[in-house]
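Right, one structure below, let's go through it.
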Amino acid sequence: MATARSSADLSAAQARRIALAAQGFGRPAAATTGTRQLNLLVQKLGLLQLDSVNVFERSHYLPVFARLGHYDKNDLDRLTFARKSAYTEYWAHEAAIIPVENWPLFRWRMEARRERWYGEKDSWVRDNAVMLDWLRAELRDKGPIAASEIQHDSGKGEGGWWGWSSVKLGLEYLFGWGEVVSAGRTRFERTYALAEQKLPASVLEQQVSETDAVRRLMALSARAHGVGTLRDLADYYRIKQAPAALALLDLVDSGDVVPVTVDGWKQQAYLHRDARIPRSMNAGALLSPFDPVVWERGRAERMFDFHYRIEIYTPEPKRVFGYYSLPILIDDALVGRIDLKNDRQNRVLRVQSAWREAHAPAGIEDRIVPLLESTRAWQALDKVEFTGRGDLSASLEAAWNSRGN
Numbered sequence: 106m107a108t109a110r111s112s113a114d115l116s117a118a119q120a121r122r123i124a125l126a127a128q129g130f131g132r133p134a135a136a137t138t139g140t141r142q143l144n145l146l147v148q149k150l151g152l153l154q155l156d157s158v159n160v161f162e163r164s165h166y167l168p169v170f171a172r173l174g175h176y177d178k179n180d181l182d183r184l185t186f187a188r189k190s191a192y193t194e195y196w197a198h199e200a201a202i203i204p205v206e207n208w209p210l211f212r213w214r215m216e217a218r219r220e221r222w223y224g225e226k227d228s229w230v231r232d233n234a235v236m237l238d239w240l241r242a243e244l245r246d247k248g249p250i251a252a253s254e255i256q257h258d259s260g261k262g263e264g265g266w267w268g269w270s271s272v273k274l275g276l277e278y279l280f281g282w283g284e285v286v287s288a289g290r291t292r293f294e295r296t297y298a299l300a301e302q303k304l305p306a307s308v309l310e311q312q313v314s315e316t317d318a319v320r321r322l323m324a325l326s327a328r329a330h331g332v333g334t335l336r337d338l339a340d341y342y343r344i345k346q347a348p349a350a351l352a353l354l355d356l357v358d359s360g361d362v363v364p365v366t367v368d369g370w371k372q373q374a375y376l377h378r379d380a381r382i383p384r385s386m387n388a389g390a391l392l393s394p395f396d397p398v399v400w401e402r403g404r405a406e407r408m409f410d411f412h413y414r415i416e417i418y419t420p421e422p423k424r425v426f427g428y429y430s431l432p433i434l435i436d437d438a439l440v441g442r443i444d445l446k447n448d449r450q451n452r453v454l455r456v457q458s459a460w461r462e463a464h465a466p467a468g469i470e471d472r473i474v475p476l477l478e479s480t481r482a483w484q485a486l487d488k489v490e491f492t493g494r495g496d497l498s499a500s501l502e503a504a505w506n507s508r509g510n
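According to the numbering used here, the sequence shown is numbered sequentially starting from 106.
Written out as structure tokens, the structure reads:
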């Protein structure tokens, strides 16, 4: 590893701009956003994290909107969820959409899970071998097929009468070790298929050692970060520190990344060889809680002085900022957070609360109002309403009203 130098190679501001540029921020918006732009972005990010919470919008749609602006969610669904899509799903960071060609890079993780689950003292997969065989047969005969359709048949025929939880659990075990894959989703319900029903032979036959896979995943992570520490880069694909460190040494030797120091960072940083260093960053976005910019909480604090925790699982009386609080990105700073709710029945975007960061400059309301308006339009809602909670709410509502909204 390179040792720290007498002066930093990068300022903190440069590191922020590099990171945001690597994540697709700061580029001029296209006149229209179609499948080509969506595909380029998902390839650039490497994955889109999935989450079932839908109080505002499902999380995988939000990073795309944050970077590209108004687009048709149906286009993204067709790109990523169609049965003949070039994308599938796996436990990459968490549950995530990934390019099909990257699926073999997770075989080592799949095999480790199979060994661990079979080796457990009270192994569910050992105890339910008959049901797993039945699921394989169902998929072989009828797949690709949605979980609810499999459940419909689970009480019929020889060896049936399994409950929903067992059917779903069995499918998830088979998915976890790669025997079963996602063949798309309909209304967010995953469709399951045997791997050979969905993936090309060239992908199925590809064998990648754990060492090579980790190196390639770390290279993808370094590109998506632009600049980051070992912990940052390892977290993108949830790789343990020891193998990640060895892979990073190889990437340094090959010139894929360059060790650098960043002003204010205590840890060694690594700059991707293709990283852009913008002189400025013109960006404005409401970030998903599951956006890569804020995934690694230590990185968010180090890079943006932004302490962030999701309060979905916090009891309501103990929540500080709100159930689904979105970080607010203005240029190269996280300046606040806003808790949004999509009241679909009444066609209202509800601002449950809005908060400013201590370091936020004056006048951020004027930059946030257009973000709210574009969000309202993208969600096809009629109006925005404020509840008044949070130290940014009153001035944000005043700025909103001053524009004649």
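Think of the CB as a built atom: it goes at the ideal place given N, C-alpha and C, for glycine as much as any other residue.
Residue i and residue j closer than 7 Å at C-beta
i: Ala201; j: Ala380; result: no
i: Val74; j: Leu376; result: The question about residue 74 has no answer, for the chain in this structure spans 106 to 510.
i: Leu210; j: Val313; result: yes
i: Lys446; j: Val160; result: yes
i: Glu490; j: Val453; result: yes
i: Phe411; j: Gln154; result: no
i: Val235; j: Ile255; result: no
i: Ala298; j: Ala306; result: no
i: His198; j: Arg343; result: yes
i: Ala327; j: Val362; result: yes
i: Ile443; j: Arg472; result: no
i: Ala388; j: Phe186; result: no
i: Gly174; j: Leu325; result: no
i: Leu279; j: Val286; result: no
Reduced DSSP category for residue i - H, G, I as helix; E, B as strand; rest coil
i: Lys261; result: A caution first: Lys261 carries a pLDDT of 44, below 50, which makes its placement in the model unreliable, though a value can still be read off. Three-state result, Lys261: coil.
i: Asn207; result: helix
i: His377; result: strand
i: Gln302; result: helix
i: Ser157; result: coil
i: Lys226; result: coil
i: Pro99; result: Any answer about residue 99 is impossible in this case: the structure gives the chain only from 106 up to 510.
i: Val285; result: strand
i: Leu322; result: helix
i: Val456; result: strand
i: Gly331; result: coil
i: Thr366; result: coil
i: Phe491; result: strand
i: Asn451; result: coil
i: Arg343; result: coil
i: Gly151; result: coil
Cβ shell of residue i (< 7 Å), same chain only, five flanking positions each side left out
i: Ser253; result: Glu294
Sequence-distant residues of the same chain with beta carbon closer than 8 Å to residue i, five excluded per side
i: Gly493; result: Ala499, Glu502
Spatial neighbours of residue i in its chain, beta-carbon cut-off 6 Å, leaving aside the 5 residues before and after
i: Asp355; result: Arg320
i: Glu462; result: Val440, Gly441
For this session: Spell out a yes or no on whether the stretch 450-463 and the stretch 414-428 are touching, meaning 3 or more CB-CB pairs, one atom from each, closer than 8 Å.
Result: yes
Exercise. Do the stretch 347-359 and the stretch 317-336 meet, that is, are 3 or more Cβ pairs less than 8 Å apart?
Worked result: yes
Problem set entry | contact_flag[the stretch 229-246, the stretch 327-342] where n(CB pairs < 8 Å) is 3 or more | no
For this session: Flag this pair as touching only if the stretch 145-153 and the stretch 169-179 have three or more C-beta atom pairs under 8 Å; answer yes or no.
Result: Enough Cβ pairs lie closer than 8 Å, so yes.
Problem set entry | the stretch 353-369 / the stretch 111-125 touching (three or more Cβ pairs under 8 Å) | yes
Problem set entry | Entirely enclosed alpha helix (DSSP H) segments - the stretch 111-146, minimum 4 residues | 117-127
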